[in-house]
Every structure is written in structure tokens, then in C-alpha cells.
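J.: Residue numbers (the working numbering), protein chains in the order written: chain A, 541 to 873; chain B, 541 to 873. By construction, the Cβ of each residue, glycine as well, lies at the ideal position given by its N, Cα and C atoms. Remember, predicted model here, so these are calculated numbers, not experimental data.
1. Please confirm if residue 627/B has its CB atom under 7 Å from at least one CB of chain A.
2. Spatial neighbours of residue 873/B within its chain, please: C-beta separation below 7 Å, excluding the five flanking residues on both sides.
3. With the cut-off set at 7 Å, would you say residue 649/B and residue 628/B are in Cβ contact?
4. In this structure, how does DSSP classify residue 567/A when only helix, strand and coil are distinguished?
5. Among the residues of its own chain, which have a CB less than 8 Å from the CB of residue 759/A, if the five just before and after it don't count?
6. Please confirm whether residue 856/B has its beta-carbon closer than 7 Å to some beta-carbon of chain A.
7. Taking C-beta to C-beta, are residue 569/B and residue 784/B nearer than 7 Å?
8. Over what stretch of residues does the alpha helix (DSSP H) that includes residue 835/B continue unbroken?
9. Suppose only complete runs of 3+ residues qualify. What are the beta strand (DSSP E) ranges in the segment 552-639 of chain B, listed by chain order?
10. For residue 818/A, list the residues DSSP reports as bridge partners.
11. Given a cut-off of 7 Å on the beta-carbon distance, is the pair residue 723/A and residue 667/A in contact?
12. Cα-Cα, which of 689/B, 576/B, 727/B and 844/B is closest to residue 710/B?
13. Is residue 560/B buried or exposed, if buried means 16 or more other CB atoms sit within 10 Å of its CB?
14. Thinking just about the alpha-carbon of each residue, which of 791/B, 571/B, 684/B and 727/B is nearest to the one in residue 658/B?
15. I'd like the ranges of any beta strand (DSSP E) spanning at least 3 consecutive residues and lying wholly in the segment 676-757 of chain B.
16. Anything in chain B within Cβ reach of residue 576/A, meaning under 7 Å, just list it in chain order.
17. In chain B, what lies closer than 7 Å to residue 642/A by C-beta?
18. Kindly give me the distance between the Cβ atoms of residue 610/B and residue 853/B, rounded to whole angstroms, as I take these residues to be in contact under 8 Å.
19. Determine the contact status of residue 549/B and residue 567/B, defining contact as a CB-CB distance below 7 Å.
20. Can you name the start and end residues of the beta strand (DSSP E) that residue 650/A belongs to?
21. Say whether the segment 695-706 of chain B touches the segment 669-681 of chain B, bearing in mind that this needs 3 or more beta-carbon pairs closer than 8 Å, one atom from each stretch.
22. Starting from residue 796/A, follow its DSSP beta bridges and name the residues at the other end.
23. Rounded to a whole number of angstroms, what is the C-alpha to C-alpha distance between residue 786/B and residue 744/B?
24. Given this structure, state the Cα-to-Cα distance separating residue 732/B from residue 547/B, to the nearest angstrom.
25. Hey, out of 683/B, 825/B and 836/B, whose CA is closest to residue 863/B's CA?
26. If I follow the unbroken beta strand (DSSP E) through residue 781/B, where does it start and stop?
27. Can you say whether residue 766/B is buried or exposed, counting buried as having 16 or more other CB atoms within 10 angstroms of its CB?
28. Could you name the residues of chain A that residue 639/B contacts, counting a contact when the two beta carbons are closer than 9 Å?
29. Verify the CB distance criterion: does residue 584/A have a CB-CB separation below 7 Å to chain B?
30. Under the three-state reduction of DSSP, which class applies to residue 778/B: helix, strand or coil?
31. With 16 other CB atoms within 10 Å as the buried threshold, where does residue 836/B fall?
32. Would you say residue 647/A lies against chain B (beta-carbon separation less than 7 Å)?
33. Quick check: what's the CA-CA separation for residue 715/B versus residue 805/A?
34. Using the Cα positions of residue 641/B and residue 832/A, report the straight-line distance between them to the nearest angstrom.
35. Assign residue 802/A to one of three DSSP states: helix, strand, or coil.
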């Protein structure tokens, strides 16, 4: 019997999905990838994306499967496939309807960001001039996510909103894709107080490979990324760090306009482009090679395994379990 | 250890749901009830009904649970509760979108009528002047329902549409609530050729207690209903008959207008009312008492058990099982 493949988990990707991308996941031996299925879509349009994913799971059943739990990640590893976890980067699919949180969970959503860059019904995004913190509905929705076993993902949140969400949540939360703000000074990255609050409650940070989050943008070297990883692990602990690459492979540039502008403003005139990836992280096949950089930065083999998947796995094993008092609807799902 | 409660399954109800109704189900010892959650609603509005049911499952978790399989019926019996199975009496929730069949299945829908009284995108209802049979999309959707393990329910279908659906389906189908047309001559009931085609393919008929389907309307006696049951069992076999009461308890009369007129016509002026129930079947508490009438009509105890639940259970055990080649999405659900 072959030894099980190493645990490799990416905390966020939003690629233009294709058989090529799924084959690259397999070439890398990816165990699981959290994929974004909606930003500014309402509930009904989000369901269109679920339908599209259902077709992908049938068409590429030899490469991927839909994961609702870590048991599905185990099943993917055992059958040489990659587990796909659904997430929403913005709560627009919830509309103004608390009950849709459970429905989205039933459809397989396992990560939800209470805010993207802007104000939402749940809280303030990092680009708003005023961060009013978690809203009344935000508190209700986090309670429901805690009950169901859905990860509160604070990427793109404002500082106050994020801190209040950590305090409000009865379960550990995540920042699926961001870097320390003291390595790249942008409100999109995570301040030291927020990082400490996250870690103190058992949360997870996925280090981002998106150039706008990296210390030297597209020119950031693997060595510098891994030095940042080492510094982060010293602040939050080796068990709280993973990767959330934010890989947006093969996407046309109009997609980054959709991500930023959605439907909430008149489309801008300025050209808008995806930044170039660092040359050492072009696609999923480069994911396992991060191990070399981490080793060179002084991490032990067991620490490298934690950073590349073990930590996300352990976090998800706890985070995706419904609370015991959950309804029978969910217990049966 | 107490002996397990008898299997009592009602093949269709559309009550005004309340704790009172659920307590009556428990007083009767109902094992499972197939409930209608939508008629003319589009997908999004159907989801509102799922949300309302999720709240009921939480609020009345001591009385009911959401059933997705016969294992959930077993779980309900073991815990002294009633299993609720979701169904749609019209395919409007599928809209014109094949992919929504799987999404609705994921949300727990286990019965779907390809037509209500009118023409649908899938086939012709019994009230249409022309029955064009199963449509192109109808054939696609039945194939998908077969794959997923969703019951094709031919109540309210036109004769040709129903016969073509039976021939098209790779798995046994049901008429969840109707009576033999030779006991009450209405196109809503089931002709002898249709009944024989249904039975020849291992299908199920749920005998209806809705007055407009009964031989003497609201005045039909229990003895006459049970004589009809005996006659039906002689035609289709004792294993193919159950009950589908069509109980519409506590509904205001505007609901029967919604059922008949939906949004497809200008609302009529004529008063429209639910008919009075037979005095021996007022609510769920009367369900187990049908056994007395069946016994008096000459059925043996094991036959009575089949008619009141055993046959539906065995049918559902096979019908709700996904086909082995189904996607991982569904296998995990």
C-alpha cells in the first residue's frame, strides 16, 4: 500500500476553472482547495455557479470532488483527487435573509466573508472610510455560521469589523488570504493586533501570494515570502499559519473589474489588470515547491507540513463540524 | 425495549403547517409524510419555503425531522418523530434550467410532478385540451431524477404524458394521490390502462382521500373507500397500493385558488372552496383508523400494514437511492 500523499491545502483560489487547472492540481498533489464561487451575485445567481460546479464534478470526477467536510478531503486523498470547498467572498448571496445562510450551507458553502472591500449588511470592508464594526445582522449571521459549521473568513474586512467578528464568534475564525501589514502596508493585510486576536482565539491565517499583498509585489522572491512566513509564525505560532494563495489563474482582466466594482458603481474608465504572478508561483504545480523555500528559511519538515496543509486540515476538522444542537436538517446533510 | 411503532406513511399532504398538525401526526404515530412545498413558485420562492421548513425543523425538533432517505424514516421512528419528505406538485421551481433538478435534490426535494393541471415545460397536465406527451425537456429531467433518486410523481398528469413518463423512466414511478377513474370518472383519477402500466413497472399508487377524487365526494364512507382499495389491489397487486391522503388541513380557501389558478390566469370571480373532508378522515389522527375499514373489507393484518405504510417504505427505499454512477456531490450529500 502506498504511503498517503502529503497534505497540501490552499486556503483560497479563484481561477478560471478548466480541466487544465484541475490537472495541475493533481500534478501538484493538492489535497484540497477552497474556491470562491461568488462575490457580488445574489442568491439566485450564486445557484447558477453551484450548477456550473455540479457539472464540473461530473465532467472531471477523476480529478476533483465536492468537499463538505474533512472526511471528504480524506476521501479525495484516498482516491487521488483534489477536494473542492466552496466559499463566498462577500455576503451578497445571503441577501437580507438570515435563512439563506442555512440553505447555502446545505448547498455546500463552507467559507463566508462577512464583507468584501465595501460596507455590507454584515459589516464594513477595509476600503470604507468609516468602519462601523459588525452590524446587528452580522452578529446574527455569525451565530448561525457557528451553529452550522461555516468558516467566518475575515479577509477584506475592516479592522474594527474583524476584531468584533473574532470576539463575537464562538468558534475560531480565519483570514483565508492576507499577509502581515507590517510586511506590506495596506489595509487589506492584517495588523499585528488583529493577527494576535486571531491567533489568541485559535484562528488561521492563510498567507497570500497575490502580488498586491506581497512585500515586493510581483518581484517578491520565494526567500522573502518564506522569511515573512517565519516572522508570521513567530507572532501567531506555527500552528496558526497556512497558505491562501489567492491564485486567479487564466482569468481575463474584466474579472478583476468585476471583483472590485461588481454592480455597486458606474464602471470605471481606467484600465484594470491582474498583476503578474511571482515567477516561482505560476499555478498549482508550484505549490509543493514552496516547501523548498520554507526549508531554506529554517522550518523543520514537520513545520513545513503544517504550513502547507496540516494546519488548515486540523482547523477545518473542527470548524466544519456542526454544533451538536444543530437541526436535523443539517445533521442529515 | 418497546416494539417498533407500525409503519404509517402518507404519500401526500399540503396542510397549513403548525405545531397542532405536527402533534396530530405524533398522536397518530405517523412514520413519514410527503409534504408539498411548492406549486407555482419559481426556484427562488421555493427556497423561501425551504427556509420556512428549516425553521419548523428547529422549532419542532421534538416532533418532526427532515427526511432525505428511508434511513431518516428509520431515525424518526426510533426517536418517536415523524419524517417529512419534500415534494413539488409542479415543475415551476425547476424553471427552464436542468441544473436546478440537482440543486433541488440537494435541498431535499424527493418527489416532483412533471405537470400539475396545465401544460408545463415537461409535459401536459390532465386539464389541457391537448396532451402532447412528455416534452424534450421532460425526458431530460426524468433521466436526471432517475440518476439522483427523485420520485417521478404522475398525479395531475395527462394520460399520454403519464404513459410516456412511465416508459421513459428507468426506475419505478408513483402516482402519489389519486383513485381509479372507474370509481370516480374524472381525468384527475387514473385509468385502468395507466394503472396497469404503473404496476407493470413496479410503481406505486397512493389512494386519495380528497373528496373530488372519491366516489361519493365528501359523503364517501370508509367502507366504500376500502372497497375501492380492495378493487385497486386486485388490479395492481397488494404491493403497489398505499395512501396519499391529499390532506389540506386548516388551509384558507384562497389556497385552493392558488393551487388551481397560480399566476397563469386572471384570478376568477367565482367563489372557490376546499370541499368538506369525509367525517372519518379529518386529520392525521384518523389515519391509523383506516386500518379498521381495511380489515372489515377483508384485508389480512399483513396486507393492512402494507397499505398503510409498508409499501411506500419499500418503494422509497429503492426510489430514493442515487444511481451508483451519480456525482460525488450527491454521494456526499
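T.: Working from what's here:
1. Taking the second chain and counting its residues from 1, one reaches residue 627/B at position 87. No - not a single Cβ of chain A is within 7 Å of the one on residue 627/B.
2. Counted from its first residue, the second chain places residue 873/B at position 333. Here the model assigns residue 873/B a pLDDT of 42, short of 50, so the residue's position is not dependable, and the following value carries that caveat. Cβ neighbours of residue 873/B beyond the five flanking positions: 646.
3. Numbered from its first residue, the second chain carries residue 649/B at position 109. Numbered from its first residue, the second chain carries residue 628/B at position 88. For residue 649/B and residue 628/B, yes; Cβs fall inside 7 Å.
4. The residue labelled residue 567/A in the question sits at position 27 within the first chain. Helix, per DSSP.
5. Counting from 1 along the first chain, the entry for residue 759/A is found at position 219. Excluding sequence neighbours, residue 759/A sits near 818.
6. The count along the second chain starts at 1 and reaches residue 856/B at position 316. Closer than 7 Å: no.
7. Position 29 of the second chain, counted from the start, is the residue given in the question as residue 569/B. Position 244 of the second chain, counted from the start, is the residue given in the question as residue 784/B. Against a cut-off of 7 Å, the Cβ pair of residue 784/B and residue 569/B comes out as no contact.
8. Position 295 of the second chain, counted from the first residue, corresponds to residue 835/B. Element bounds for residue 835/B: 830-836.
9. 572-578, 604-606 and 622-628
10. Locating residue 818/A in the first chain gives position 278, counting from the first residue. Paired residues: none, contrary to the question.
11. Numbered from 1 along the first chain, position 183 holds the residue referred to as residue 723/A. Numbered from 1 along the first chain, position 127 holds the residue referred to as residue 667/A. In this structure, residue 667/A does not lie closer than 7 Å to residue 723/A by Cβ.
12. To locate residue 710/B, count along the second chain from 1; it is residue 170. Per the Cα distances, 689/B.
13. Locating residue 560/B in the second chain gives position 20, counting from the first residue. By the 10 Å Cβ count, residue 560/B comes out exposed.
14. As a first step, residue 658/B must be located in the second chain, where it is residue number 118. Comparing Cα positions, the closest option is 727/B.
15. 744-747
16. Indexing the first chain from 1 puts residue 576/A at position 36. Near residue 576/A there are no residues of chain B at all, since even the closest Cβ is about 18 Å away, more than 7 Å.
17. Here residue 642/A is taken as the residue at index 102 of the first chain, counted from 1. Within chain B, the residues near residue 642/A are 594.
18. As a first step, residue 610/B is located in the second chain; it is residue number 70 there, counting from the start. As a first step, residue 853/B is located in the second chain; it is residue number 313 there, counting from the start. Indeed, because the Cβ distance is near 6 Å, the residues count as touching under 8 Å.
19. What you label residue 549/B is simply residue 9 of the second chain in a count that begins at 1. What you label residue 567/B is simply residue 27 of the second chain in a count that begins at 1. No; because the gap between Cβ atoms is not below 7 Å, this pair is not in contact.
20. Here residue 650/A corresponds to residue number 110 of the first chain, with the count starting at 1. Boundaries of the beta strand (DSSP E) harbouring residue 650/A: 649-652, taken from the DSSP string.
21. yes
22. For the purposes of this step, residue 796/A is identified with residue 256 of the first chain, where counting begins at 1. BP columns for residue 796/A are empty, so no partner.
23. Counting from 1 along the second chain, the entry for residue 786/B is found at position 246. Counting from 1 along the second chain, the entry for residue 744/B is found at position 204. Their backbone Cα atoms lie some 15 Å apart in a straight line.
24. In the second chain, residue 732/B corresponds to position 192, counting from 1. In the second chain, residue 547/B corresponds to position 7, counting from 1. Rounded to the nearest angstrom, the two C-alpha atoms are 28 Å apart.
25. Walking along the second chain from the start, residue 863/B turns up at place 323. It is 683/B.
26. Stepping through the second chain from its first residue, residue 781/B is reached at position 241. It spans 781-783 - the beta strand (DSSP E) in which residue 781/B sits, taken as one unbroken run.
27. Taking the second chain and counting its residues from 1, one reaches residue 766/B at position 226. Residue 766/B comes out buried.
28. Taking the first residue of the second chain as position 1, residue 639/B is located at position 99. The answer, in chain order, is 587, 588, 590, 591, 592, 594 and 595.
29. Stepping through the first chain from its first residue, residue 584/A is reached at position 44. It does: the Cβ of residue 584/A has a partner Cβ on chain B nearer than 7 Å.
30. Looking up residue 778/B in the second chain gives position 238. Note: residue 778/B maps to helix in three-state DSSP.
31. As a position in the second chain, residue 836/B is number 296, starting the count at 1. Flag for residue 836/B reads exposed.
32. Your numbering for residue 647/A matches position 107 in the first chain. Between residue 647/A and chain B, the shortest Cβ-Cβ separation is below 7 Å.
33. Mapped onto the second chain, residue 715/B falls at position 175. Mapped onto the first chain, residue 805/A falls at position 265. Computed Cα separation, rounded: 52 Å.
34. As a working note, residue 641/B is residue 101 in the second chain. As a working note, residue 832/A is residue 292 in the first chain. When rounded, the distance between both Cα atoms is 46 Å.
35. In the first chain, residue 802/A corresponds to position 262, counting from 1. Coil.
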